[in-house]
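There are 2 protein chains.
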Amino acid sequence: MDFKTYLKERIALVDAALHTSLPGEDILPAQLHQAMRYSLFAGGKRLRPVLVIAAAEAVGGHPEQVLHAACALEMIHTYSLIHDDLPAMDDDNLRRGRPTCHREYDEATAILAGDALLTEAFRLLADPVVNRGIDPAQAMRVLELVARAASSRGMVGGQAVDMESEGKEVNFPTLEYIHTHKTGALILAAVQAGAYLADADEEQVKALTRYAESAGLAFQVADDILDVVGDQAQTGKDAGSDQARGKITYPALLGLADSRRRAEELYERAVAALEPLGESAEPLRQLAWHMVHRNS
Amino acid sequence: MDFKTYLKERIALVDAALHTSLPGEDILPAQLHQAMRYSLFAGGKRLRPVLVIAAAEAVGGHPEQVLHAACALEMIHTYSLIHDDLPAMDDDNLRRGRPTCHREYDEATAILAGDALLTEAFRLLADPVVNRGIDPAQAMRVLELVARAASSRGMVGGQAVDMESEGKEVNFPTLEYIHTHKTGALILAAVQAGAYLADADEEQVKALTRYAESAGLAFQVADDILDVVGDQAQTGKDAGSDQARGKITYPALLGLADSRRRAEELYERAVAALEPLGESAEPLRQLAWHMVHRNS
Chain A
1 MDFKTYLKER IALVDAALHT SLPGEDILPA QLHQAMRYSL FAGGKRLRPV LVIAAAEAVG
61 GHPEQVLHAA CALEMIHTYS LIHDDLPAMD DDNLRRGRPT CHREYDEATA ILAGDALLTE
121 AFRLLADPVV NRGIDPAQAM RVLELVARAA SSRGMVGGQA VDMESEGKEV NFPTLEYIHT
181 HKTGALILAA VQAGAYLADA DEEQVKALTR YAESAGLAFQ VADDILDVVG DQAQTGKDAG
241 SDQARGKITY PALLGLADSR RRAEELYERA VAALEPLGES AEPLRQLAWH MVHRNS
Chain B
297 MDFKTYLKER IALVDAALHT SLPGEDILPA QLHQAMRYSL FAGGKRLRPV LVIAAAEAVG
357 GHPEQVLHAA CALEMIHTYS LIHDDLPAMD DDNLRRGRPT CHREYDEATA ILAGDALLTE
417 AFRLLADPVV NRGIDPAQAM RVLELVARAA SSRGMVGGQA VDMESEGKEV NFPTLEYIHT
477 HKTGALILAA VQAGAYLADA DEEQVKALTR YAESAGLAFQ VADDILDVVG DQAQTGKDAG
537 SDQARGKITY PALLGLADSR RRAEELYERA VAALEPLGES AEPLRQLAWH MVHRNS
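Protein chains in written order, with this note's numbering: chain A, 1 to 296; chain B, 297 to 592.
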């Protein structure tokens, strides 16, 4: 199967599972449930859920074993975007070319939709029906690692330092802190969740962890580069918006050429980490390539 | 032991456990962790954590078995207050007589502190160390029921309908929907979490569920009454603030006398439900009394 087909099939699985795992738009409170779906089905790349699935498959698992975790990761990612876009945070009007959640609805609804998506993610990770056949101790371990990755020592911590640093002189360690926490932590959790739920052994988890750490950082460096050179029609947001907001980025600190070199290096390190997993890790290699060489 | 001593001892246990389960104020990002503690140690009544412990003790359990769940419930409650107080929601400046989180810090920090407390609550419920000795399947069940109670079909749903209803003509079923979801769901989850973690049998869970449903609604009716007749020095918020905001309340719909009768009725129903549990449920009876006959 070529990678395009692989990706399309996995995304279709995720989208179908997301549809059934969220409360319907007709269930009270209707507007809240509409807002949750509005943001969840806004044309996201589904990178994190596909990483969950691809990591599971890399160690011999099946998409069905990890679909709920894939959905949970996408819900957490979506909640973080809704809250990051709020006026008190990045104050963004557009996300993937459409009005952001608080623009389409209102601020209160956007705050609550984010809260509800985060809560639903953990409910799903603990749902006894979707966890049938999974050792409860393993399910708990996965839930804990996902929660830690999303916590104040993970994703939320990265966003907090990002906000504090706006318009300030920022050094390289702070930039790496922001990136490894704000984006990297959840990408790592996605890969580890897939691995654990598919009963990966210790060596496999180690290899996948190294992969995810490098690929996650590469993804963020590429994101920073895109903000400078990206085409608004493709990224769906204003070019140079990070710069305009006084946000620190890789290109601002290292220059564009060195940032590109850094992204390539990280990509190669991610691929090298997959060596012990052989052929079954091919989708993960392709994913890393696309994380670095994307245009949106 | 008299009830005052009982309460004081249980609250001391909860406060100590909350201190150790949250990241320190010196851990990065420091301001975020300070804001989380600022709101968590703002002089709350610790009703939900004490309910977790009292429910466990009512069926022969020990506080130590359920302390982590008690802390998780208080974190979820605190996050909901931080977000409810935001300018886009209730826009409150005072909470328990002190500046609200977004007033003491800023809006972005308050949003993230709420997000982080919610996340930390679920991490704690899945933490393998605090769950030592608890059947993982039971721990998962508790996590799922807490998440469901906090979700868009529970607490967040109640807050969403509350926001939608501001300044509108609201009927009695809508008022009851708001109250049973916004406050009732988490109070019920607190009692059920304590019961399950202490290995309550089916009959005990049924009795405690009936207790919590009545006591939770009584609590909210009492809250509405306090908003009309309460003393700002004791409640720590503006008297009549619900009314000023066009919020629907029991006294507005039923009148003050009928609201008081309703609260008494619910209190008696809560106490009656505890009949099968005997002497060990005495703290729960006292708690229900205080939930209805409080002045702050």
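All residues carry an ideal CB built from backbone N, CA and C; glycine is no exception. Note that the structure is predicted; figures quoted are calculated from it, not measured.
Any C-beta of chain B under 8 Å from that of H83 of chain A: Taking the first residue of the first sequence as position 1, residue 83 of chain A is located at position 83. Yes - at least one Cβ of chain B is within 8 Å of the one on H83 of chain A.
Pair within 8 Å by beta-carbon distance, M587 of chain B and A508 of chain B: For the purposes of this step, residue 587 of chain B is taken as the residue at position 291 of the second sequence. For the purposes of this step, residue 508 of chain B is taken as the residue at position 212 of the second sequence. Going by C-beta atoms, M587 of chain B is not nearer than 8 Å to A508 of chain B.
Reference D199 of chain A; option with closest CA among A:V52, A:I225, A:A121 and A:S152: Against the first sequence, residue 199 of chain A aligns to sequence position 199. Ranking the options by Cα distance to D199 of chain A, first place goes to A:V52.
Same chain only: Cβ atoms within 7 Å of L32 of chain A, ignoring 5 sequence neighbours per side: Mapped onto the first sequence, residue 32 of chain A falls at position 32. The residues are T109, L112, A113 and A116.
Test item: CB-CB of I187 of chain A and L118 of chain A under 8 Å: Within the first sequence, residue 187 of chain A is the residue found at index 187, counting from 1. Within the first sequence, residue 118 of chain A is the residue found at index 118, counting from 1. No, Cβ-Cβ distance for I187 of chain A and L118 of chain A is not below 8 Å.
Any chain A beta carbon closer than 8 Å to H279 of chain B: Nothing can be reported for residue 279 of chain B, as the shown portion of chain B is limited to 297 through 592.
Sequence-distant residues of the same chain with beta carbon closer than 6 Å to F515 of chain B, five excluded per side: Along the second sequence, read from residue 1 onward, the residue named residue 515 of chain B stands at position 219. Taken in chain order, the residues that qualify are M587.
Extent of the continuous alpha helix (DSSP H) run through E403 of chain B: Walking along the second sequence from the start, residue 403 of chain B turns up at place 107. Taken as a continuous stretch (DSSP letters only), the alpha helix (DSSP H) holding E403 of chain B covers E403 to A422.
Proximity of L13 of chain A and E74 of chain A at Cβ, strictly below 8 Å: Taking the first sequence and counting its residues from 1, one reaches residue 13 of chain A at position 13. Taking the first sequence and counting its residues from 1, one reaches residue 74 of chain A at position 74. It is not a contact, given that the beta carbons lie outside the stated cut-off.
Closer than 9 Å at the beta carbon, the chain A residues around F299 of chain B: Looking up residue 299 of chain B in the second sequence gives position 3. Neighbours of F299 of chain B on chain A: none; closest Cβ ~33 Å, over 9 Å.
H181 of chain A: first and last residue of the uninterrupted alpha helix (DSSP H) it sits in: The count along the first sequence starts at 1 and reaches residue 181 of chain A at position 181. Careful: H181 of chain A lies outside any alpha helix (DSSP H) and carries neither H nor E.
Alpha carbon of L562 of chain B to alpha carbon of D135 of chain A, nearest angstrom: Here residue 562 of chain B refers to the residue found at position 266 of the second sequence. Here residue 135 of chain A refers to the residue found at position 135 of the first sequence. If you take the alpha carbons of L562 of chain B and D135 of chain A, they lie about 42 Å apart.
The alpha helix (DSSP H) enclosing F3 of chain A, as first and last residue numbers: Position 3 of the first sequence holds residue 3 of chain A. Here the alpha helix (DSSP H) through F3 of chain A covers F3 to S21.
Short-range partners of chain B found in the stretch 149 to 166 of chain A, where Cβ spacing is below 7 Å: A150, S151, S152, R153, V156, G157, Q159, A160, V161, M163 and E164
CB contact flag (D91 of chain A, Q159 of chain A, <8 Å): In the first sequence, counting from the first residue as 1, residue 91 of chain A sits at position 91. In the first sequence, counting from the first residue as 1, residue 159 of chain A sits at position 159. Not in contact: D91 of chain A and Q159 of chain A (Cβ atoms no closer than 8 Å).
Among A:A147, A:G97, A:N171 and A:P128, nearest to L254 of chain A - alpha-carbon criterion: Position 254 of the first sequence, counted from the start, is the residue given in the question as residue 254 of chain A. Among A:A147, A:G97, A:N171 and A:P128, the Cα nearest to that of L254 of chain A belongs to A:N171.
V228 of chain A - containing alpha helix (DSSP H), residue span: Working through the first sequence from its first residue, we reach residue 228 of chain A at position 228. Here the alpha helix (DSSP H) through V228 of chain A covers E202 to V229.
Helix, strand or coil at R359 of chain A according to DSSP, with G and I counted as helix: Because chain A spans 1 through 296 in this model, residue 359 of chain A falls outside it and cannot be assessed.
Residues of the stretch 108 to 122 of chain A with Cβ closer than 9 Å to any Cβ of chain B, in chain order: A108, T109, A110, I111, L112, A113, G114, D115, A116, L117, L118, T119, E120, A121 and F122
Beta-carbon spacing of R392 of chain B, P128 of chain A below 8 Å: Within the second sequence, the letter at position 96 stands for residue 392 of chain B. Within the first sequence, the letter at position 128 stands for residue 128 of chain A. No, they are not a contact pair.
R10 of chain A versus V50 of chain A: straight-line alpha-carbon distance, rounded: Here residue 10 of chain A corresponds to residue number 10 of the first sequence, with the count starting at 1. Here residue 50 of chain A corresponds to residue number 50 of the first sequence, with the count starting at 1. Their backbone Cα atoms lie some 6 Å apart in a straight line.
Element boundaries [alpha helix (DSSP H), containing S152 of chain A]: Here residue 152 of chain A refers to the residue found at position 152 when the first sequence is read from its first residue. Run containing S152 of chain A: none; DSSP gives neither H nor E here.
Close beta carbons around L552 of chain B, own chain, < 8 Å, minus the five adjacent residues each side: One-based indexing of the second sequence puts residue 552 of chain B at position 256. Result list for L552 of chain B: I521, V524 and V525, in chain order.
Residue-level contact to chain B via CB, R141 of chain A, 8 Å cutoff: The residue given as residue 141 of chain A occupies position 141 in the first sequence. R141 of chain A counts as touching chain B.
With 16 other Cβ atoms within 10 Å as the buried cut-off, status of N384 of chain A: Any property of residue 384 of chain A remains undetermined from this structure, which presents chain A solely from 1 to 296.
From A:G184, A:M155, A:A30 and A:A88, residue whose alpha carbon lies closest to that of E166 of chain A: Locating residue 166 of chain A in the first sequence gives position 166, where the first residue counts as 1. When each option's Cα is compared against that of E166 of chain A, the closest is A:A88.
D127 of chain A: contacting residues in chain B (beta-carbon distance under 8 Å): On the first sequence, position 127 is the one that residue 127 of chain A refers to. Per Cβ cutoff of 8 Å: E440.
Segment contact flag, the stretch 147 to 163 of chain A with the stretch 22 to 31 of chain A, C-beta cutoff 8 Å, min 3 pairs: no
DSSP three-state assignment for P325 of chain B, whether helix, strand or coil: In the second sequence, residue 325 of chain B corresponds to position 29, counting from 1. In the structure shown, P325 of chain B sits in coil (DSSP, three-state: anything other than H, G, I, E or B).
Which of helix, strand or coil DSSP assigns to A494 of chain B: On the second sequence, position 198 is the one that residue 494 of chain B refers to. Three-state result, A494 of chain B: coil.
Whether G154 of chain A touches H181 of chain A by CB criterion (8 Å): The residue you call residue 154 of chain A lines up with position 154 of the first sequence. The residue you call residue 181 of chain A lines up with position 181 of the first sequence. Yes, Cβ-Cβ distance for G154 of chain A and H181 of chain A is below 8 Å.
Simplified DSSP assignment, three categories, for F468 of chain B: Counted from its first residue, the second sequence places residue 468 of chain B at position 172. Note: F468 of chain B maps to helix in three-state DSSP.
Interface flag, P395 of chain B vs chain A, CB-CB below 8 Å: Residue mapping note: residue 395 of chain B aligns to position 99 of the second sequence, counting from 1. No, because no Cβ of chain A sits closer than 8 Å to the Cβ of P395 of chain B.
Residues of the stretch 305 to 327 of chain B with Cβ closer than 8 Å to any Cβ of chain A, in chain order: Cβ contacts with chain A come from P319, I323, L324, P325 and Q327.
Where H290 of chain A falls: helix, strand or coil (DSSP): Residue numbering aside, residue 290 of chain A sits at position 290 when the first sequence is read from its first letter. The DSSP-derived three-state label of H290 of chain A is helix.
Min CB distance A137 of chain A to chain B below 8 Å: Walking along the first sequence from the start, residue 137 of chain A turns up at place 137. Yes, its Cβ sits closer than 8 Å to a Cβ of chain B.
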